[in-house]
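Student: Dropping a structure here in structure tokens format, bear with me for questions.
In this note's numbering, the protein residues as written are 1 to 131.
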């Protein structure tokens, strides 16, 4: 079906075929990357969230095309897989295993409504160095 009555059935099928390549991207962004749980309260914050999410998604996709030993090691989190394929999904899972302990949500300061990551230039850095 199409709203353009001038298109032939073949043109409609070809146009749909071109669109199909982005459907998997939308599915991944909603289900795996959290776009369907956007909790931001302002339009500006929502735009920032979408941009950051898309940049992260794009970087993971690009890493999937990089033939590098470090990227391949990210995909070795599932020892039962025989080939350990280098795919964006496998890279994402490997990165999640590395960064799952980073408490990003705790960095949100409700009072000033900003993210405030820990300051590593002060006493925390000195404590980390002395350990």
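In this text, a Cβ means the ideal position worked out from N, Cα and C, and glycines have one as well.
#1: How many angstroms separate the CA atom of residue 32 from the CA atom of residue 117?
#2: Taking 8 Å as the threshold, find out whether the region 75 to 91 comes into contact with the region 48 to 64 through three or more Cβ pairs.
#3: Rounded to whole angstroms, how far is the Cβ of residue 74 from the Cβ of residue 95, which I believe are closer than 8 Å?
#4: Is DSSP giving residue 125 helix, strand or coil here?
#5: Following the continuous alpha helix (DSSP H) through residue 2, name the residue where it begins and the one where it ends.
#6: By a C-beta neighbour count over all protein chains shown, 10 Å radius and 16 as the cutoff for buried, is residue 13 buried or exposed?
#7: Could you please give the first and the last residue of the uninterrupted alpha helix (DSSP H) stretch that includes residue 58?
#8: Look at the alpha carbon of residue 17 and the alpha carbon of residue 11, and state the distance between them as a whole number of angstroms.
#9: Quick check on the DSSP output: what are the complete alpha helix (DSSP H) runs of length 4 or more inside the region 68 to 129, in order along the chain?
#10: Do residue 38 and residue 20 have their C-beta atoms within less than 9 Å of each other?
#11: Assign residue 60 to one of two classes, buried (16 or more other C-beta atoms within 10 Å of its C-beta) or exposed (fewer than that).
Tutor: In brief:
#1: 24 Å
#2: yes
#3: 6 Å
#4: Any answer about residue 125 is weak, because its pLDDT of 46 lies below 50 and its placement is not dependable; what the coordinates show is given next. Correct three-state label for residue 125: helix.
#5: That residue, residue 2, is in no alpha helix (DSSP H); it is neither H nor E in DSSP.
#6: exposed
#7: 43 to 65
#8: 10 Å
#9: 69 to 74 and 88 to 99
#10: no
#11: buried
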